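Here the working numbering is used: the first residue of the sequence shown is -5, the next is one more, and so on. Ideal Cβ placement from N, Cα and C applies to all residues, glycine included. All values reported here derive from a predicted model rather than from experimental measurement. In what follows, a structure is listed as C-alpha coordinates, so that the remarks can point back to it.
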Amino acid sequence: MGKFSRVKSAPVLALDLGTSSVRAALFDPRGKRLPGTFAQRTYTLRTAADGTAELDPFELLRQAKACLKTAAAGWHAISGVGVSCFWHSLLGTDEEGNPLTPIYTWADSRCREDAARLRAEFSEQDVHEETGCMLRSSFWPAKLRWIKRTDRARFRKVRYWMSPAEWVQWKIAGRATCAIGMATGTGLFDPTKLDWSELMLEACDFSADRMLPVTDAPTLWKGVPWFPAIGDGAASNLGSGATRPGFGAINVGTSAALRIMKKGPVAKAPFGLFAYRVDASRYLVGGAVSNAGNLHAWCLRELKLSDDPAEIEKALALRPQATHGLTVLPFWSAERAPSWDEAAQGTIVGLRHDTTAIDLLQAINEGFYLRLATIAEMIAGRRQPKWILGGGILKSKSAVRRLANVIGSPLYANPEAEASLRGGAIFALEKLGAPIEEQKLGNPILPSPVLQKLYVDERRKQAQLEALMARGR
(Lines of atoms letter the chains of each structure in order from A and count residues from 1; the text may use other names and numbers.)
(Lines give C-alpha, C1' and ligand atoms only; values in the text may rest on other atoms or scores of the structure.)
Protein backbone atom coordinates (compact mmCIF):
# COMPACT_ATOMS: atom_id res chain seq x y z
CA MET A 1 0.00 0.00 0.00
CA GLY A 2 1.29 3.43 -0.94
CA LYS A 3 0.70 6.67 0.86
CA PHE A 4 -2.97 7.60 1.35
CA SER A 5 -4.54 10.95 0.64
CA ARG A 6 -6.28 12.17 3.78
CA VAL A 7 -9.80 13.21 2.82
CA LYS A 8 -12.31 14.07 5.57
CA SER A 9 -15.22 12.47 3.71
CA ALA A 10 -13.23 9.31 2.98
CA PRO A 11 -13.87 6.05 4.86
CA VAL A 12 -11.93 4.86 7.88
CA LEU A 13 -9.99 1.64 7.82
CA ALA A 14 -10.90 -0.62 10.77
CA LEU A 15 -8.86 -3.51 12.17
CA ASP A 16 -10.07 -6.05 14.73
CA LEU A 17 -7.46 -8.30 16.37
CA GLY A 18 -8.98 -11.39 17.97
CA THR A 19 -7.55 -14.46 19.66
CA SER A 20 -8.24 -16.67 16.63
CA SER A 21 -8.47 -14.28 13.68
CA VAL A 22 -7.96 -10.74 12.47
CA ARG A 23 -10.54 -8.79 10.46
CA ALA A 24 -10.45 -5.53 8.53
CA ALA A 25 -12.92 -3.43 6.53
CA LEU A 26 -13.69 0.12 5.43
CA PHE A 27 -16.51 2.12 7.03
CA ASP A 28 -17.98 5.32 5.63
CA PRO A 29 -18.29 8.50 7.78
CA ARG A 30 -21.79 7.44 8.87
CA GLY A 31 -20.42 4.19 10.29
CA LYS A 32 -21.68 1.91 7.52
CA ARG A 33 -19.45 -0.95 6.39
CA LEU A 34 -18.57 -0.63 2.70
CA PRO A 35 -19.51 -3.73 0.65
CA GLY A 36 -16.64 -5.77 -0.70
CA THR A 37 -14.03 -4.48 1.76
CA PHE A 38 -14.25 -7.13 4.48
CA ALA A 39 -11.17 -9.31 4.99
CA GLN A 40 -10.40 -12.02 7.53
CA ARG A 41 -7.36 -14.16 8.27
CA THR A 42 -7.08 -16.87 10.92
CA TYR A 43 -4.23 -18.12 13.09
CA THR A 44 -3.78 -20.68 15.84
CA LEU A 45 -3.78 -20.07 19.56
CA ARG A 46 -1.06 -22.27 21.05
CA THR A 47 -2.49 -24.10 24.04
CA ALA A 48 -1.27 -26.80 26.42
CA ALA A 49 -2.51 -28.68 29.46
CA ASP A 50 -0.48 -26.46 31.82
CA GLY A 51 -2.64 -23.44 30.91
CA THR A 52 -0.56 -22.10 28.01
CA ALA A 53 -2.52 -19.84 25.65
CA GLU A 54 -0.08 -17.94 23.43
CA LEU A 55 0.02 -16.30 20.03
CA ASP A 56 2.99 -15.82 17.72
CA PRO A 57 3.38 -12.02 17.34
CA PHE A 58 4.91 -12.32 13.88
CA GLU A 59 2.01 -14.42 12.62
CA LEU A 60 -0.44 -11.89 14.04
CA LEU A 61 1.44 -9.09 12.29
CA ARG A 62 1.55 -10.93 8.95
CA GLN A 63 -2.18 -11.57 8.98
CA ALA A 64 -2.98 -8.01 10.11
CA LYS A 65 -0.95 -6.58 7.23
CA ALA A 66 -2.64 -8.92 4.77
CA CYS A 67 -6.12 -7.92 5.98
CA LEU A 68 -5.35 -4.21 5.83
CA LYS A 69 -4.00 -4.59 2.29
CA THR A 70 -7.07 -6.54 1.13
CA ALA A 71 -9.60 -4.22 2.78
CA ALA A 72 -8.00 -1.07 1.39
CA ALA A 73 -7.32 -2.44 -2.10
CA GLY A 74 -8.26 0.12 -4.73
CA TRP A 75 -8.75 2.94 -2.22
CA HIS A 76 -6.37 5.88 -2.30
CA ALA A 77 -8.02 8.04 0.34
CA ILE A 78 -8.97 7.18 3.91
CA SER A 79 -9.59 9.50 6.84
CA GLY A 80 -8.04 7.37 9.59
CA VAL A 81 -7.47 3.94 11.16
CA GLY A 82 -9.41 2.56 14.11
CA VAL A 83 -8.50 -0.65 15.95
CA SER A 84 -10.14 -3.11 18.32
CA CYS A 85 -8.09 -5.73 20.16
CA PHE A 86 -8.67 -8.45 22.76
CA TRP A 87 -8.12 -7.04 26.23
CA HIS A 88 -5.71 -8.10 29.04
CA SER A 89 -2.97 -9.63 26.85
CA LEU A 90 0.67 -8.61 26.63
CA LEU A 91 4.08 -9.14 25.07
CA GLY A 92 7.54 -7.81 25.86
CA THR A 93 10.01 -6.16 23.46
CA ASP A 94 13.46 -4.66 23.44
CA GLU A 95 14.20 -0.94 22.94
CA GLU A 96 13.53 -1.19 19.18
CA GLY A 97 10.27 -3.11 19.54
CA ASN A 98 11.66 -6.54 18.69
CA PRO A 99 9.60 -9.20 20.53
CA LEU A 100 11.33 -11.02 23.37
CA THR A 101 8.23 -12.99 24.38
CA PRO A 102 5.21 -14.56 22.73
CA ILE A 103 1.84 -12.87 23.17
CA TYR A 104 0.47 -14.06 26.50
CA THR A 105 -3.30 -13.92 26.01
CA TRP A 106 -5.93 -13.33 28.67
CA ALA A 107 -6.69 -17.07 28.55
CA ASP A 108 -3.16 -18.10 29.59
CA SER A 109 -3.60 -19.40 33.14
CA ARG A 110 -0.06 -20.57 34.00
CA CYS A 111 0.08 -17.70 36.50
CA ARG A 112 -2.79 -19.07 38.65
CA GLU A 113 -0.42 -19.59 41.58
CA ASP A 114 0.81 -16.01 41.30
CA ALA A 115 -2.75 -14.70 41.23
CA ALA A 116 -3.50 -16.64 44.40
CA ARG A 117 -0.41 -15.16 46.09
CA LEU A 118 -1.54 -11.66 45.13
CA ARG A 119 -4.94 -12.33 46.71
CA ALA A 120 -3.16 -13.49 49.87
CA GLU A 121 -1.03 -10.35 49.99
CA PHE A 122 -3.66 -7.78 49.07
CA SER A 123 -7.35 -7.25 49.64
CA GLU A 124 -8.91 -8.16 46.31
CA GLN A 125 -11.81 -5.83 47.08
CA ASP A 126 -9.44 -2.90 47.65
CA VAL A 127 -7.54 -3.63 44.44
CA HIS A 128 -10.81 -3.95 42.51
CA GLU A 129 -11.98 -0.64 43.97
CA GLU A 130 -8.81 1.02 42.67
CA THR A 131 -8.33 -0.70 39.30
CA GLY A 132 -11.75 -2.08 38.31
CA CYS A 133 -10.10 -5.49 37.83
CA MET A 134 -9.90 -8.68 39.88
CA LEU A 135 -6.65 -10.30 41.04
CA ARG A 136 -6.89 -13.21 38.63
CA SER A 137 -4.78 -14.95 36.01
CA SER A 138 -6.44 -13.00 33.16
CA PHE A 139 -4.74 -9.74 34.11
CA TRP A 140 -1.21 -8.35 33.94
CA PRO A 141 -0.18 -8.37 37.64
CA ALA A 142 -0.28 -12.15 37.94
CA LYS A 143 1.31 -12.64 34.52
CA LEU A 144 4.17 -10.23 35.23
CA ARG A 145 4.87 -11.92 38.55
CA TRP A 146 4.81 -15.33 36.89
CA ILE A 147 7.24 -14.26 34.15
CA LYS A 148 9.59 -12.75 36.72
CA ARG A 149 9.39 -15.88 38.90
CA THR A 150 9.90 -18.41 36.10
CA ASP A 151 12.14 -16.46 33.69
CA ARG A 152 13.84 -13.65 35.61
CA ALA A 153 16.49 -13.05 32.92
CA ARG A 154 13.87 -12.46 30.23
CA PHE A 155 11.79 -10.27 32.53
CA ARG A 156 14.82 -8.02 33.13
CA LYS A 157 15.75 -7.96 29.43
CA VAL A 158 12.34 -6.66 28.32
CA ARG A 159 12.33 -2.87 27.85
CA TYR A 160 8.64 -2.39 26.98
CA TRP A 161 5.51 -4.34 27.82
CA MET A 162 2.44 -3.66 25.66
CA SER A 163 -0.75 -5.05 24.22
CA PRO A 164 -0.57 -6.92 20.90
CA ALA A 165 -2.33 -4.02 19.17
CA GLU A 166 0.29 -1.52 20.32
CA TRP A 167 3.04 -3.73 18.92
CA VAL A 168 1.20 -4.14 15.58
CA GLN A 169 0.75 -0.36 15.40
CA TRP A 170 4.45 0.17 16.17
CA LYS A 171 5.58 -2.25 13.48
CA ILE A 172 3.18 -0.91 10.81
CA ALA A 173 2.96 2.80 11.63
CA GLY A 174 6.44 3.24 13.12
CA ARG A 175 5.21 4.53 16.48
CA ALA A 176 2.60 3.49 19.03
CA THR A 177 0.85 4.57 22.19
CA CYS A 178 -1.52 2.89 24.66
CA ALA A 179 -5.16 4.00 24.65
CA ILE A 180 -6.73 4.88 27.98
CA GLY A 181 -9.26 2.09 27.51
CA MET A 182 -6.58 -0.49 26.76
CA ALA A 183 -4.61 0.54 29.85
CA THR A 184 -7.64 -0.03 32.09
CA GLY A 185 -7.81 -3.66 31.01
CA THR A 186 -4.35 -4.45 32.36
CA GLY A 187 -5.19 -4.48 36.07
CA LEU A 188 -2.40 -1.95 36.64
CA PHE A 189 -4.35 1.24 35.90
CA ASP A 190 -6.73 3.40 37.94
CA PRO A 191 -9.70 4.23 35.66
CA THR A 192 -10.80 7.10 37.90
CA LYS A 193 -7.43 8.85 38.34
CA LEU A 194 -6.51 7.96 34.72
CA ASP A 195 -3.04 6.96 35.83
CA TRP A 196 -1.10 3.83 36.68
CA SER A 197 -1.80 2.31 40.10
CA GLU A 198 1.24 2.74 42.31
CA LEU A 199 -0.05 -0.10 44.50
CA MET A 200 -0.07 -2.59 41.62
CA LEU A 201 3.14 -1.33 40.03
CA GLU A 202 4.94 -1.84 43.33
CA ALA A 203 3.33 -5.26 43.75
CA CYS A 204 4.84 -6.28 40.41
CA ASP A 205 8.24 -4.62 40.96
CA PHE A 206 7.36 -2.62 37.88
CA SER A 207 7.49 0.99 36.66
CA ALA A 208 5.32 3.00 34.29
CA ASP A 209 8.26 3.77 31.97
CA ARG A 210 8.29 0.11 30.93
CA MET A 211 4.99 0.67 29.12
CA LEU A 212 4.09 2.95 26.23
CA PRO A 213 2.66 6.45 26.83
CA VAL A 214 -1.07 6.48 27.63
CA THR A 215 -3.09 8.71 25.30
CA ASP A 216 -6.01 8.49 22.89
CA ALA A 217 -4.22 10.80 20.44
CA PRO A 218 -3.34 9.18 17.10
CA THR A 219 0.00 8.67 15.40
CA LEU A 220 0.40 9.14 11.64
CA TRP A 221 0.56 6.27 9.16
CA LYS A 222 0.93 7.03 5.46
CA GLY A 223 -0.26 10.54 6.20
CA VAL A 224 -3.47 9.58 8.07
CA PRO A 225 -4.19 9.30 11.83
CA TRP A 226 -3.91 5.82 13.34
CA PHE A 227 -5.80 5.80 16.64
CA PRO A 228 -4.54 3.53 19.43
CA ALA A 229 -6.52 0.32 19.89
CA ILE A 230 -9.43 0.08 22.29
CA GLY A 231 -10.50 -3.11 24.06
CA ASP A 232 -12.79 -5.45 22.18
CA GLY A 233 -15.53 -5.11 24.80
CA ALA A 234 -15.57 -1.33 24.47
CA ALA A 235 -15.52 -1.70 20.71
CA SER A 236 -18.45 -4.12 20.85
CA ASN A 237 -20.60 -1.56 22.68
CA LEU A 238 -19.61 1.20 20.26
CA GLY A 239 -20.17 -1.04 17.26
CA SER A 240 -23.56 -2.30 18.39
CA GLY A 241 -24.90 1.13 19.29
CA ALA A 242 -25.13 0.24 22.99
CA THR A 243 -23.83 3.66 23.97
CA ARG A 244 -27.15 5.38 24.73
CA PRO A 245 -28.80 5.53 28.15
CA GLY A 246 -31.21 2.62 28.57
CA PHE A 247 -29.24 0.26 26.30
CA GLY A 248 -26.64 -2.40 26.98
CA ALA A 249 -24.75 -5.01 24.97
CA ILE A 250 -24.73 -8.78 25.36
CA ASN A 251 -22.48 -11.01 23.32
CA VAL A 252 -22.96 -14.77 23.47
CA GLY A 253 -20.45 -16.84 21.57
CA THR A 254 -17.99 -19.40 22.94
CA SER A 255 -17.96 -17.26 26.09
CA ALA A 256 -20.35 -14.43 26.94
CA ALA A 257 -20.32 -10.90 28.34
CA LEU A 258 -22.76 -8.13 29.29
CA ARG A 259 -21.78 -4.45 29.37
CA ILE A 260 -23.40 -1.06 29.80
CA MET A 261 -21.67 2.24 29.04
CA LYS A 262 -21.67 5.12 31.50
CA LYS A 263 -20.30 8.65 31.51
CA GLY A 264 -18.40 10.35 34.29
CA PRO A 265 -15.01 10.83 35.94
CA VAL A 266 -15.51 8.11 38.56
CA ALA A 267 -15.36 4.60 37.08
CA LYS A 268 -16.52 1.98 39.59
CA ALA A 269 -18.31 -1.38 39.41
CA PRO A 270 -19.81 -3.82 41.93
CA PHE A 271 -17.24 -6.30 43.23
CA GLY A 272 -16.96 -9.22 40.81
CA LEU A 273 -17.76 -7.09 37.77
CA PHE A 274 -15.37 -4.89 35.78
CA ALA A 275 -14.98 -1.15 35.27
CA TYR A 276 -12.97 -0.44 32.10
CA ARG A 277 -12.59 2.87 30.34
CA VAL A 278 -13.70 3.50 26.76
CA ASP A 279 -11.97 6.89 26.88
CA ALA A 280 -11.45 9.66 29.42
CA SER A 281 -15.18 10.46 29.66
CA ARG A 282 -16.87 7.06 29.27
CA TYR A 283 -16.51 3.67 30.94
CA LEU A 284 -18.03 0.19 30.88
CA VAL A 285 -19.53 -1.77 33.75
CA GLY A 286 -20.01 -5.44 33.01
CA GLY A 287 -19.13 -9.05 33.52
CA ALA A 288 -17.98 -12.04 31.48
CA VAL A 289 -18.49 -15.79 31.82
CA SER A 290 -16.20 -18.47 30.43
CA ASN A 291 -18.97 -21.03 29.94
CA ALA A 292 -21.51 -20.24 27.21
CA GLY A 293 -21.63 -21.46 23.62
CA ASN A 294 -18.79 -23.85 24.37
CA LEU A 295 -21.21 -25.76 26.63
CA HIS A 296 -23.77 -26.02 23.83
CA ALA A 297 -21.03 -27.44 21.59
CA TRP A 298 -19.98 -29.86 24.37
CA CYS A 299 -23.55 -31.15 24.63
CA LEU A 300 -23.88 -31.71 20.91
CA ARG A 301 -20.59 -33.61 20.84
CA GLU A 302 -20.64 -35.61 24.05
CA LEU A 303 -24.38 -36.37 24.23
CA LYS A 304 -24.35 -37.55 20.59
CA LEU A 305 -27.15 -35.17 19.64
CA SER A 306 -28.15 -34.55 16.05
CA ASP A 307 -25.69 -32.61 13.93
CA ASP A 308 -28.65 -30.98 12.15
CA PRO A 309 -29.13 -27.50 13.70
CA ALA A 310 -32.71 -27.34 12.41
CA GLU A 311 -33.62 -30.53 14.28
CA ILE A 312 -32.08 -29.24 17.53
CA GLU A 313 -33.81 -25.89 17.10
CA LYS A 314 -37.20 -27.56 16.58
CA ALA A 315 -36.76 -29.71 19.70
CA LEU A 316 -35.79 -26.76 21.92
CA ALA A 317 -38.53 -24.50 20.53
CA LEU A 318 -41.12 -27.01 21.79
CA ARG A 319 -39.77 -26.62 25.35
CA PRO A 320 -40.31 -22.97 26.39
CA GLN A 321 -39.82 -23.56 30.11
CA ALA A 322 -37.74 -25.64 32.50
CA THR A 323 -39.87 -28.75 32.99
CA HIS A 324 -36.84 -31.08 33.08
CA GLY A 325 -36.34 -30.76 36.86
CA LEU A 326 -32.60 -30.18 36.52
CA THR A 327 -30.42 -27.54 38.17
CA VAL A 328 -27.02 -26.88 36.61
CA LEU A 329 -23.88 -25.08 37.74
CA PRO A 330 -22.30 -24.45 34.32
CA PHE A 331 -18.66 -24.42 35.42
CA TRP A 332 -17.02 -26.75 32.91
CA SER A 333 -14.21 -24.16 32.69
CA ALA A 334 -13.06 -21.96 35.60
CA GLU A 335 -15.72 -19.32 35.98
CA ARG A 336 -15.29 -15.58 35.99
CA ALA A 337 -18.07 -13.14 36.92
CA PRO A 338 -19.71 -12.78 39.26
CA SER A 339 -18.24 -15.21 41.82
CA TRP A 340 -14.79 -15.96 40.32
CA ASP A 341 -14.75 -19.29 42.14
CA GLU A 342 -11.82 -21.07 40.53
CA ALA A 343 -12.48 -24.26 42.51
CA ALA A 344 -16.11 -24.57 41.34
CA GLN A 345 -16.88 -27.46 38.99
CA GLY A 346 -19.73 -28.29 36.67
CA THR A 347 -22.64 -29.82 38.55
CA ILE A 348 -25.98 -31.30 37.47
CA VAL A 349 -28.63 -32.09 40.07
CA GLY A 350 -31.97 -33.79 39.47
CA LEU A 351 -31.08 -36.57 37.03
CA ARG A 352 -33.69 -39.33 36.68
CA HIS A 353 -34.17 -42.42 34.52
CA ASP A 354 -36.39 -40.44 32.17
CA THR A 355 -33.92 -37.54 31.74
CA THR A 356 -33.09 -37.17 28.05
CA ALA A 357 -30.19 -35.70 26.13
CA ILE A 358 -32.42 -32.78 25.07
CA ASP A 359 -33.28 -32.21 28.75
CA LEU A 360 -29.57 -31.92 29.49
CA LEU A 361 -28.93 -29.61 26.54
CA GLN A 362 -31.76 -27.30 27.58
CA ALA A 363 -30.78 -27.28 31.26
CA ILE A 364 -27.10 -26.65 30.57
CA ASN A 365 -27.92 -23.76 28.22
CA GLU A 366 -30.32 -22.36 30.82
CA GLY A 367 -27.56 -22.74 33.41
CA PHE A 368 -25.36 -20.13 31.80
CA TYR A 369 -28.36 -17.92 30.87
CA LEU A 370 -29.12 -17.77 34.60
CA ARG A 371 -25.55 -16.63 35.27
CA LEU A 372 -26.00 -13.85 32.72
CA ALA A 373 -29.24 -12.83 34.44
CA THR A 374 -27.40 -12.56 37.76
CA ILE A 375 -24.77 -10.30 36.17
CA ALA A 376 -27.46 -8.22 34.47
CA GLU A 377 -29.14 -7.60 37.81
CA MET A 378 -25.82 -6.63 39.40
CA ILE A 379 -25.18 -4.18 36.57
CA ALA A 380 -28.56 -2.50 36.39
CA GLY A 381 -30.76 -3.72 39.23
CA ARG A 382 -34.45 -4.24 38.56
CA ARG A 383 -34.59 -1.52 35.88
CA GLN A 384 -33.02 -3.57 33.12
CA PRO A 385 -31.84 -1.83 29.95
CA LYS A 386 -32.81 -2.83 26.45
CA TRP A 387 -30.10 -5.30 25.54
CA ILE A 388 -28.57 -5.41 22.05
CA LEU A 389 -27.62 -9.02 21.47
CA GLY A 390 -24.80 -10.30 19.28
CA GLY A 391 -22.84 -13.47 18.65
CA GLY A 392 -23.61 -17.00 17.57
CA ILE A 393 -26.75 -17.19 19.72
CA LEU A 394 -28.58 -15.17 17.06
CA LYS A 395 -28.65 -18.29 14.88
CA SER A 396 -31.28 -19.78 17.24
CA LYS A 397 -34.62 -18.00 17.67
CA SER A 398 -35.57 -20.28 20.55
CA ALA A 399 -32.31 -19.48 22.36
CA VAL A 400 -32.87 -15.73 21.99
CA ARG A 401 -36.43 -16.04 23.26
CA ARG A 402 -35.34 -18.18 26.22
CA LEU A 403 -32.58 -15.71 27.12
CA ALA A 404 -35.10 -12.86 27.04
CA ASN A 405 -37.32 -14.79 29.45
CA VAL A 406 -34.41 -15.59 31.78
CA ILE A 407 -33.06 -12.03 31.87
CA GLY A 408 -36.53 -10.48 31.83
CA SER A 409 -35.71 -7.73 29.37
CA PRO A 410 -36.29 -7.01 25.64
CA LEU A 411 -33.51 -8.27 23.37
CA TYR A 412 -32.64 -6.59 20.07
CA ALA A 413 -30.61 -8.40 17.44
CA ASN A 414 -27.41 -6.53 16.60
CA PRO A 415 -27.66 -5.51 12.93
CA GLU A 416 -23.84 -5.49 12.56
CA ALA A 417 -22.34 -8.97 12.62
CA GLU A 418 -18.84 -7.53 13.18
CA ALA A 419 -19.60 -5.28 16.15
CA SER A 420 -16.02 -5.06 17.47
CA LEU A 421 -14.67 -4.25 14.02
CA ARG A 422 -17.29 -1.53 13.57
CA GLY A 423 -16.53 -0.29 17.08
CA GLY A 424 -12.90 0.31 16.15
CA ALA A 425 -14.14 2.36 13.20
CA ILE A 426 -16.66 4.28 15.34
CA PHE A 427 -13.96 5.22 17.87
CA ALA A 428 -11.87 6.74 15.07
CA LEU A 429 -14.89 8.43 13.46
CA GLU A 430 -15.89 9.99 16.77
CA LYS A 431 -12.45 11.50 17.21
CA LEU A 432 -12.55 12.77 13.62
CA GLY A 433 -15.92 14.46 14.19
CA ALA A 434 -17.75 12.39 11.55
CA PRO A 435 -21.58 12.44 11.28
CA ILE A 436 -22.16 8.91 12.61
CA GLU A 437 -25.68 7.51 12.27
CA GLU A 438 -27.30 5.52 15.09
CA GLN A 439 -27.77 1.83 14.43
CA LYS A 440 -31.32 1.04 13.37
CA LEU A 441 -32.71 -1.80 15.44
CA GLY A 442 -35.49 -4.15 14.46
CA ASN A 443 -38.36 -5.35 16.61
CA PRO A 444 -37.28 -6.79 19.96
CA ILE A 445 -37.90 -10.22 21.39
CA LEU A 446 -40.01 -9.51 24.48
CA PRO A 447 -39.94 -11.65 27.63
CA SER A 448 -43.03 -13.53 28.74
CA PRO A 449 -44.05 -12.27 32.21
CA VAL A 450 -45.17 -15.78 33.18
CA LEU A 451 -41.97 -17.51 32.05
CA GLN A 452 -39.85 -14.72 33.48
CA LYS A 453 -41.24 -15.44 36.96
CA LEU A 454 -40.59 -19.15 36.55
CA TYR A 455 -36.97 -18.49 35.64
CA VAL A 456 -36.54 -16.25 38.69
CA ASP A 457 -37.28 -19.38 40.73
CA GLU A 458 -34.74 -21.35 38.67
CA ARG A 459 -32.13 -18.70 39.44
CA ARG A 460 -32.88 -19.05 43.15
CA LYS A 461 -32.36 -22.84 42.92
CA GLN A 462 -29.05 -22.34 41.11
CA ALA A 463 -27.81 -19.88 43.77
CA GLN A 464 -28.75 -22.32 46.55
CA LEU A 465 -26.92 -25.16 44.82
CA GLU A 466 -23.82 -23.00 44.29
CA ALA A 467 -23.76 -22.07 47.99
CA LEU A 468 -24.25 -25.72 49.01
CA MET A 469 -21.39 -26.93 46.80
CA ALA A 470 -19.09 -24.18 48.10
CA ARG A 471 -19.78 -25.19 51.71
CA GLY A 472 -18.99 -28.80 50.90
CA ARG A 473 -15.45 -28.08 49.68
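Please name the residue or residues paired with residue i in a DSSP beta bridge.
i	result
P481	In the structure as shown, the chain begins at -5 and stops at 467. Residue 481 is therefore absent and cannot be evaluated.
E48	R40, Y98
A18	L9, A33
R27	F21
D189	D184
R271	Y277
G417	DSSP output for G417 lists no bridge partner at all.
F469	This structure cannot settle anything about residue 469, because the visible part of the chain is limited to -5 through 467.
W381	G242, L405
K323	Inspection of the sequence shows that residue 323 is occupied by Leu rather than by Lys. T341, per the DSSP bridge assignment.
A282	A251
I439	L405
I224	S78
Assign residue i to buried or exposed, taking buried as 16 or more other Cβ atoms, counted over all protein chains shown, within 10 Å of its Cβ.
i	result
E192	exposed
L28	exposed
R130	buried
Q57	buried
S234	buried
L206	buried
D145	exposed
E410	buried
S78	buried
N470	Here the chain has residues from -5 to 467 only, and residue 470 is not among them.
V260	exposed
S429	Before going on, a small fix: residue 429 reads as Pro here, not Ser. Answer is exposed; the Cβ neighbour count stays below 16.
Q339	exposed
P135	buried
So the alpha helix (DSSP H) residue i belongs to, where does it begin and stop?
i	result
P219	Not the alpha helix (DSSP H): P219 falls in the beta strand (DSSP E), residues 218 to 220.
G242	Note, G242: premise wrong, no alpha helix (DSSP H); beta strand (DSSP E) at 241 to 246.
K151	146 to 151
A370	351 to 374
F200	Looking at the DSSP string, F200 is not in any alpha helix (DSSP H), and its letter there is neither H nor E.
T341	From DSSP, T341 is part of no alpha helix (DSSP H) but of the beta strand (DSSP E) over 341 to 343.
A67	First-last for A67: undefined, no H or E at that position.
T178	174 to 178
N289	The sequence as given places Leu at residue 289; Asn does not occur at that position. Run containing L289: 287 to 296, per the alpha helix (DSSP H) assignment.
V121	118 to 125
S333	Premise fails: S333 is in no alpha helix (DSSP H) and is neither H nor E.
I306	303 to 311
L112	106 to 115
Suppose the cutoff is 6 Å on Cβ atoms and the five residues either side in sequence are ignored; what does the same chain contact list for residue i look like?
i	result
H82	W100, S132, F133, G179
Y449	N399, V400
P219	G74, P212
G30	none
L62	A18
R416	G233, E410
V322	I342, A357, I358, G361
Y363	L397, V400
A413	S230, G233, S234, G384
A60	R35
Measure the alpha-carbon distance for residue i versus residue j and round it to whole angstroms.
i	j	result
T356	K391	A small fix is needed here, since residue 356 is Gln in this sequence, not Thr. Cα to Cα, Q356 sits roughly 14 Å from K391.
G281	K434	26 Å
G386	A147	43 Å
G68	G126	43 Å
Y277	V343	39 Å
W468	A328	Coverage of the chain is limited to positions -5 through 467, which leaves residue 468 absent and any answer about it impossible.
P239	M255	8 Å
G91	Y154	8 Å
D44	A109	15 Å
P332	A8	32 Å
V394	Q119	34 Å
L310	R330	27 Å
P441	S403	6 Å
L445	P314	8 Å
L11	E336	28 Å
A228	D348	45 Å
Q378	R454	18 Å
L267	F183	16 Å
R365	L423	35 Å
On the DSSP letters alone, give me the boundaries of the beta strand (DSSP E) that residue i sits inside.
i	result
D451	Taken as a continuous stretch (DSSP letters only), D451 belongs to no beta strand (DSSP E), being part of the alpha helix (DSSP H) at 443 to 465.
G76	74 to 79
M255	250 to 257
V208	Note, V208: premise wrong, no beta strand (DSSP E); not H, not E.
W161	Looking at the DSSP string, W161 is not in any beta strand (DSSP E); the run it does join, the alpha helix (DSSP H), is 158 to 167.
Can you give me the Cβ contacts of residue i inside the same chain, cut-off strictly under 8 Å, excluding the 5 residues immediately before and after it?
i	result
R113	L129
T46	R40, D102, R104
T209	T171, C172, A173, I174, P222
Please return the same chain residues whose Cβ sits closer than 7 Å to the Cβ of residue i, not counting the five positions on each side in sequence.
i	result
T36	S14, S15
K257	S275, R276
F200	L138
C293	L299, L354, L355, I358
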